[in-house]
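Peer 1: Take the sequence shown: its letter number 1214 is residue 1214 in the UniProt record's numbering, and every next letter is one higher. Glycine included, every Cβ here is placed at the ideal spot set by N, Cα and C. Just so you know, these numbers come straight off a predicted model, no measurement behind them. The structure under discussion is supplied below as structure tokens; questions concerning it will follow.
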Amino acid sequence: MGRKKALHPSHIKRFLELQQSGDLKSALAYAEQLSSQFPESPQAWELYANGLAVLGRLREAAAAMERVVETSPVANPPQWLKLAQYLILGGEAKKAIASLERVVSHQPENVEALAWLSRAYYEMDDTSSGISVSDRALAIDPLHEETLVWRARIQDRLKQHEPALETLGRLLDVAPKRVGVNNHIASLYVKEGDYSNAEKYFNNELELSPDNGRLLCNRFIANHYNPGYSLEDLFYQAVEWDKKFSSTSVVKRASTLLDPEKQLRIGLLSGGFRTHPVGQMILPALNNLKSEECFLVAYSTNQKGDALTGEIKDAVDEWKVVEGLSDEQLDKLIRDDSIDVLIDMNGAGEGSRYGTLVKEPAPLLVKWVGTLINTTGLACMDYLISDHVETPEGVDQFYTEKLIRLPDDYICYRAPDYIPDCGELPVLKNGYITFGCLNNPAKLSPPMLAEWAKLLEEVPNSKLLLRGIQFESQRFCDKLREAFAKHGIGSDRLLLEGGAKHRQFMATYQRIDIALDTWPYSGGLTTCEALVMGVPVVTRVGPTFAGRHSATHLSAVGLDELVAESWDDFIHQAVGLATDLDALSRLRCSLRSRVMASPLCDGPRFASHFYNALRAIWQRHCQGRAPERLNFDKSGNAWFGEQKDNPVEVVKAAADVVNTQVESGDDSQDERFDWELTEPVTVIDNTARLAYHPECSRAVAEKKLAVICFDPANQLEKRANALAFQGDFHHFPYAVLGDGSPRVVYDHGDGSLSTLSRRSILDENKSHIILDGSEEETRINTVALDHIEGIPNLDVLILDELHDTLSILDNGVKAVKNTLAIEVAVVFSTQNHGKLEIGKAIQWMEKHGFRFHSLTKMDYRCHFPEHLEQVEGFASELEWGNALFIPSSDRLDQLSEMENKKLAYVLDVFFGIKDLSFRLLEKMGGQTARKYGIHIGALSPTDSPAFPVKDGHGASFVSCVDDLKCKKVGKKLCVGVPVYNEEKYIRRTIRSLKEQDFEDVSFLISDNCSTDRSLSIVLEEVCGDERFEVFKHEKNIGGYANFEFLFRSTNSEYFMWLGGHDYLSKGYLTRVVSEIEADNSLSMVCGYPFGVVDDGRIETPVEKAVYNFNNDALPEVRYLESVAKISNCTVFHSVFRRRLLRGFEFRKTISADHVLLSHLLWFGGIKQISDVKYIRRYFSSRDQSQSQRISGENKVLERDDFFKYYEDGLRLLYKINESSVKVPFSIMLKNVSEVLDIRFSKKTVSQ
């Protein structure tokens, strides 16, 4: 079936008529039809892209423009530019850069392309490249509007406020009525503390754009800096946005299943998932939320990222960049993700998505960190997470949300890994007190400066250090000096410094004795940083949430006395600190430890309260009750409203994503698994690496682990301090295990120290070299294991390759007598000088009651020459690894119950070893092993052969074929969906079935023991739809066996398979069933084949999947034609007549679907309908081979078996149709064999 390529002018005219009439949806539908009808026409795809873009579907528009570029026969810079524009607007600036550079390479003078390129660099936070590109553009056209807009934004991001104001001034001259310019100027004046000029330009913008929601947000935030506004003023401003922009029509709030015990799906909406106040104040909580209780979906409203972004990605379950999505698209995405609680962390600030929030995309909406300065003012926002200091009793009437008052701080601070030393008290060296403030200089309000001047007068010779990027402006410095001069403070008392990288910025506190907080907008993250640097902060509370940040952080670390309610008290507290240097010095020495041990940095404690708050409001929602304020006391007890005597009982979710409880009349047993260690596992770590294991922090905090860590290079100082405050973690810097005598250590320049005199390493080319004489020598004390006192038992010993392992072991024979696990680094070649060879390691271990279990880490040497060394996957020679040794079989049998449990815990949690852990627990008897087996997915929740199981959403699956209704009750059609690890795509697959209007149908989903969330998603989606049944296999039976299972386990006149990552267009089933019912000559009917690649969104016709067999030909002819032609097997997913497969044998062979299709085509023809689509997902790479997917095993399927399958299938057909066949079997088999031989280059099958 051919596809036309030319697009007629009348088509373009019709599209434009529809768009110009305002019927944008019809215009899009028409363009989509054209792109299907003319798949090779760039014009058709560009119309489709334009139709998508005008509806705000920019990512899809970009994908359509990619098709334009692909199908265009010549280089076309305007198309490249449009593609880049859609990519940037759709939140994919990184991809746009290559397209824009391509335009500029062809058209160096294209100023529009240069302007968009500078914008792309701005979006990617590459300010240096952005400025450079804008320089090029302005050299061509000094008055180019778009270039000036984005140059000003880049300058603003670089904190170059004066140049940005100059650029914006030029822009106003060029385009005085351009929306957004006055707003930007106003925001810059706010950053300089010039509130009157800011007000002037905000008003100018309002005159140009009275319905500008972004302007209202910016002005609302800015007015929190201005002491002229009261709490009441700001409340009325907060609700102004909602009154003006919230929909007057009824909004249908999203709903999910009302199950108080289910795993909560929590959405996190923010542009601050990086080194940013949001990122640094939420990560400890995210890291300590339990996955069985919460499923976290992060929606990032920008594309910027750094190392902290990576940590946040690791902490959440799903990560989605939503920059560029319209409010409607984001609303749909959140609804489609079935989010139970959506937490907004943008507020009115950068990346604000108020337009989405008022559409109410989740059952519960909650405001947390991220421009959390006041109420949001949104009527739709249910709750706001706070604490008792940020929002004291009596302020509830100024919040449109119900307040959740956590017991401690409303955030949990994560100090950076590179935090500098505190240093000694500066006054001891300087002879004068240095006050300091590193808050945003925009917060330096005139009334506050006057009070600071009084303080400087009270403390003779004291100085004030202020730092921020604004102080790089001479004009700004002069303005501040003049402000202090009015109050009698000379410029010699002021130390004004510009910006710096964060590490250097924090080191500034080494020169500050006492930090002063700003008013009426206090410091948040800056206050946490001052405290962790040993610098006390004195604050005067402001009128709003923004004015009480420091107060709550100080309270969390027990420094409530530094929170002042008046300026007199503020000065009194600061003077008191400045005049008692002994107390101030002691406080500086202890403050970091105090902070790290306080609730401000206690991730597990905070996460527990945070989760309890979310679960409590969810339980209330499930009861159909309206939101109500939620208070916690210091013990973690919570109650709603005034019901302090009626505390909330929080229900915990089951340990697994799917709640494996047997449906029966009696109470089912709780299958949650807890290690329940009554004493911690004692570990000696000589590698200084365990501290970075993702489970170490939790294990220490939960008292499951007690660690003694030797760290010769003191690489862990900051990490160790944090762990020590969480629990039993003992850090010994500049010490290492050995024989007890001092040893020379060698610094190899990479941060590691070794007591081996010669170190074998791999150079960049993986060639084996010895470094001698290049190391810097130092002496260090070594500790003999047998001489360490105070350890009742050593459970785990971890040794690396940098020290004399045999010497350590020989001097620790007594210490390891009852040890449960020893991990040592070993090499597999005697050429690795000084390192422990695997044979010697095994010999020592066996002599002392241990046996080798496994290699927990391996590294291979590659023998390719230098220029090929980077090719991955080809290194073949096992060079070194970490060997794990456990007690010998005799010792293993004699372990106590607690030793069994400890070893099982260590093997599971730290080495990922499940089978032996299960065996050890099994020895203990009782239910422990069974619960563990269910926890890891190795056992079913019951011993019964058939058990309907409920997940957290109420739908059920079965594991016994006899329980399937679709096998007993015949329908016109049954659709079988085989599923294995399809969590990324299965939701769309199921929804395409739910949208079908065909009624006489049953849908059977067969989960092939997926190891991801596929089953949970399926159960969530099918809940309440009686057409669906879900079956779960106890083990992976292989893909093709799952296809057969679906066919054999159903009863219907017609049948089809739908791939677990494929989907159907609306009306598909009605259309294809009506077609096959109307024509008895057909054995199969399929929609037109379309394809999407990986996570793509554009559906492209797949011409090679279209077949035009002669339906009127002899069965033998049609059969042979199918053997010769079929390559793309989308038609395998046709609706076909079930009776035609009677007697057919399903076999696990390569390309088995070819045999089945040929069999069906023997009995009739195939029809592919062009007005409905079967959309098949293609993958650029797969984790498993085709043989592995088919068989479910790690084996290769031979092509000869496929030939034999064809031969046997043909014999069956001849046997069934013996009286009607025209071509003798021997000739037919010979013809089939020859075709297969040609197609697959293999020997022919035997007769």
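Buried or exposed for SER255, please, with buried defined as at least 16 other CB atoms from any protein chain shown within 10 angstroms of its CB.
Peer 2: Here residue 255 corresponds to residue number 255 of the sequence shown, with the count starting at 1. That one is exposed.
Peer 1: Quick one, which of PRO1089, ARG1118, VAL1235 has its alpha-carbon nearest residue 1252's?
Peer 2: Here the chain comprises residues numbered 1 to 1247, so residue 1252 is not present and cannot be evaluated.
Peer 1: Measuring alpha carbon to alpha carbon, tell me which of PHE828, ALA699, VAL813 ends up nearest ILE788.
Peer 2: In the sequence shown, residue 788 corresponds to position 788, counting from 1. Selected option, being the one with the closest Cα: VAL813.
Peer 1: Kindly indicate which three-state DSSP category TYR1174 falls into: helix, strand or coil?
Peer 2: As a first step, residue 1174 must be located in the sequence shown, where it is residue number 1174. If DSSP states are grouped into helix, strand and coil, TYR1174 belongs with the strands.
Peer 1: VAL1072 by DSSP, collapsed to three states: which one?
Peer 2: Position 1072 of the sequence shown, counting from 1, holds the residue named residue 1072. Of the three classes helix, strand and coil, the one that applies to VAL1072 here is helix, per DSSP.
Peer 1: With burial defined as no fewer than 16 other Cβ atoms inside 10 Å of the residue's Cβ, what is the status of LYS644: buried or exposed?
Peer 2: Position 644 of the sequence shown, counting from 1, holds the residue named residue 644. Exposed is the call here.
Peer 1: Got a sec? Which residues, its chain only, sit under 7 Å from VAL650 by beta carbon, not counting five neighbours each side?
Peer 2: Within the sequence shown, the letter at position 650 stands for residue 650. Excluding sequence neighbours, VAL650 sits near ASN612, ARG615, ALA616.
Peer 1: Contact between the segment 433-448 and the segment 468-483: three or more CB pairs below 8 Å?
Peer 2: Touching, yes.
Peer 1: Is VAL563 near LEU554, with beta carbons less than 8 Å apart?
Peer 2: Stepping through the sequence shown from its first residue, residue 563 is reached at position 563. Stepping through the sequence shown from its first residue, residue 554 is reached at position 554. Cβ atoms of VAL563 and LEU554: closer than 8 Å.
Peer 1: Taking contact to mean at least 3 C-beta pairs separated by less than 8 Å, is the segment 102-117 in contact with the segment 131-147?
Peer 2: Taking 8 Å as the limit for Cβ pairs, the verdict is that the segment 131-147 does touch the segment 102-117.
Peer 1: Shortest alpha-carbon distance to ARG338 belongs to which of PHE295, VAL366, LYS243, LEU372?
Peer 2: Mapped onto the sequence shown, residue 338 falls at position 338. Residue 338 is actually Ser in this sequence, not Arg. Ranking PHE295, VAL366, LYS243, LEU372 by Cα distance to SER338 puts PHE295 first.
Peer 1: Going by beta-carbon coordinates alone, are GLY603 and CYS422 separated by less than 8 Å?
Peer 2: Taking the first residue of the sequence shown as position 1, residue 603 is located at position 603. Taking the first residue of the sequence shown as position 1, residue 422 is located at position 422. Against a cut-off of 8 Å, the Cβ pair of CYS422 and GLY603 comes out as no contact.
Peer 1: What are the uninterrupted segments assigned as alpha helix (DSSP H) that are 4 or more residues long and contained completely in the segment 410-445, given in chain order?
Peer 2: You should have 426-430.
Peer 1: So, does the segment 1113-1126 touch the segment 1216-1235, judging by three or more C-beta pairs under 8 Å?
Peer 2: They touch, by the three-pair rule.
Peer 1: Name, in chain order, the residues that DSSP records as bridge partners for LEU117.
Peer 2: By one-based count along the sequence shown, residue 117 stands at place 117. Paired residues: none, contrary to the question.
Peer 1: Since SER386 contacts LEU403 with CB under 8 Å, what's their CB separation in whole angstroms?
Peer 2: Here residue 386 refers to the residue found at position 386 when the sequence shown is read from its first residue. Here residue 403 refers to the residue found at position 403 when the sequence shown is read from its first residue. At roughly 5 Å, the Cβ-Cβ gap stays under 8 Å, so SER386 and LEU403 are in contact.
Peer 1: Pick from VAL1073, VAL783, LYS840, LEU455: whose alpha carbon is nearest that of PRO733?
Peer 2: By one-based count along the sequence shown, residue 733 stands at place 733. With distances taken between Cα atoms, PRO733 lies closest to VAL783.
Peer 1: Report yes if the C-beta distance between PHE910 and ILE886 is below 8 Å; otherwise report no.
Peer 2: As a first step, residue 910 is located in the sequence shown; it is residue number 910 there, counting from the start. As a first step, residue 886 is located in the sequence shown; it is residue number 886 there, counting from the start. Against a cut-off of 8 Å, the Cβ pair of ILE886 and PHE910 comes out as no contact.
Peer 1: Can you give the Cα-Cα distance for LYS1215 and GLY1039, rounded to whole angstroms?
Peer 2: Counting from one through the sequence shown, the residue named residue 1215 turns up at place 1215. Counting from one through the sequence shown, the residue named residue 1039 turns up at place 1039. Using only the alpha carbons, I get a separation of about 29 Å.
Peer 1: Leaving out the 5 sequence neighbours to the left and right, which residues in its chain are closer than 7 Å to PHE828 when beta-carbon positions are compared?
Peer 2: For the purposes of this step, residue 828 is identified with residue 828 of the sequence shown, where counting begins at 1. Only ILE838, LEU878, GLU879, TRP880 meet the Cβ criterion.
Peer 1: Here's the rule: buried if 16 or more other CB atoms are within 10 angstroms of the residue's CB, otherwise exposed. What is GLN474?
Peer 2: The residue given as residue 474 occupies position 474 in the sequence shown. Result: exposed.
Peer 1: Taking only the alpha-carbon atoms, compute the straight-line gap between residue 1253 and ALA578 and give it to the nearest angstrom.
Peer 2: Only positions 1 to 1247 of the chain appear in the structure, and residue 1253 is not among them; the question remains open.
Peer 1: From the DSSP output, in three-state form, read off ASP943 for me.
Peer 2: Locating residue 943 in the sequence shown gives position 943, where the first residue counts as 1. For ASP943, the predicted model reports a pLDDT of 36, less than 50, meaning its position is unreliable; a value from the coordinates is still stated below. The answer is coil: DSSP assigns ASP943 none of H, G, I, E or B.
Peer 1: With respect to the alpha helix (DSSP H) encompassing MET1084, which residues constitute its N-terminal and C-terminal limits?
Peer 2: Along the sequence shown, one-based indexing puts residue 1084 at 1084. MET1084 -> not in any alpha helix (DSSP H); beta strand (DSSP E) instead, spanning 1082-1093.
Peer 1: Per DSSP, what kind of secondary structure is PRO284 in: helix, strand or coil?
Peer 2: Sequence index remark: in the sequence shown, residue 284 carries index 284 (1-based). It is helical.
Peer 1: Could you tell me the distance, in whole angstroms, from the CA atom of PHE15 to the CA atom of PRO42?
Peer 2: The residue you call residue 15 lines up with position 15 of the sequence shown. The residue you call residue 42 lines up with position 42 of the sequence shown. Each residue's alpha carbon lies about 15 Å from the other.
Peer 1: When the Cα atoms are used, what is the spatial distance from LEU921 to MET124?
Peer 2: Here residue 921 is taken as the residue at index 921 of the sequence shown, counted from 1. Here residue 124 is taken as the residue at index 124 of the sequence shown, counted from 1. Those two C-alpha atoms are separated by around 51 Å.
Peer 1: According to the Cβ coordinates, are ARG1137 and SER1083 closer than 8 Å?
Peer 2: As a first step, residue 1137 is located in the sequence shown; it is residue number 1137 there, counting from the start. As a first step, residue 1083 is located in the sequence shown; it is residue number 1083 there, counting from the start. Yes, Cβ-Cβ distance for ARG1137 and SER1083 is below 8 Å.
Peer 1: When we look at the beta-carbon of LYS968 and count the other beta-carbons within 10 Å, is it buried (16 or more) or exposed?
Peer 2: To locate residue 968, count along the sequence shown from 1; it is residue 968. When all chains shown are included, LYS968 counts as exposed.
Peer 1: Give the secondary structure of GLN155 by DSSP, where H, G and I count as helix, E and B as strand, and everything else as coil.
Peer 2: To locate residue 155, count along the sequence shown from 1; it is residue 155. Residue state, collapsed to three classes: helix.
Peer 1: Just how far apart, CA to CA, sit SER196 and LEU172?
Peer 2: Taking the sequence shown and counting its residues from 1, one reaches residue 196 at position 196. Taking the sequence shown and counting its residues from 1, one reaches residue 172 at position 172. Approximately 19 Å between the Cα atoms of the pair.
Peer 1: Anyone know if the C-beta pair for ALA904 and SER917 falls short of 8 Å?
Peer 2: Position 904 of the sequence shown, counted from the start, is the residue given in the question as residue 904. Position 917 of the sequence shown, counted from the start, is the residue given in the question as residue 917. A contact, by the Cβ cut-off of 8 Å.
Peer 1: With DSSP run on the structure shown, which of helix, strand or coil describes GLY839?
Peer 2: Position 839 of the sequence shown, counting from 1, holds the residue named residue 839. Correct three-state label for GLY839: helix.
Peer 1: Tell me the rounded alpha-carbon separation between ARG1027 and LEU1019.
Peer 2: The residue you call residue 1027 lines up with position 1027 of the sequence shown. The residue you call residue 1019 lines up with position 1019 of the sequence shown. Computed Cα separation, rounded: 13 Å.
Peer 1: Between the Cα of ALA825 and the Cα atoms of VAL179, VAL1085, ILE842, GLU1116, which residue gives the shortest distance?
Peer 2: Residue numbering aside, residue 825 sits at position 825 when the sequence shown is read from its first letter. Closest option to ALA825, Cα to Cα, is ILE842.
Peer 1: Using a Cβ-Cβ cutoff of less than 7 Å, which residues in the same chain neighbour residue 1248 once the five nearest sequence positions on both sides are dropped?
Peer 2: Past the boundaries of the shown model lies residue 1248; the chain is included only from 1 to 1247, so the question cannot be answered.
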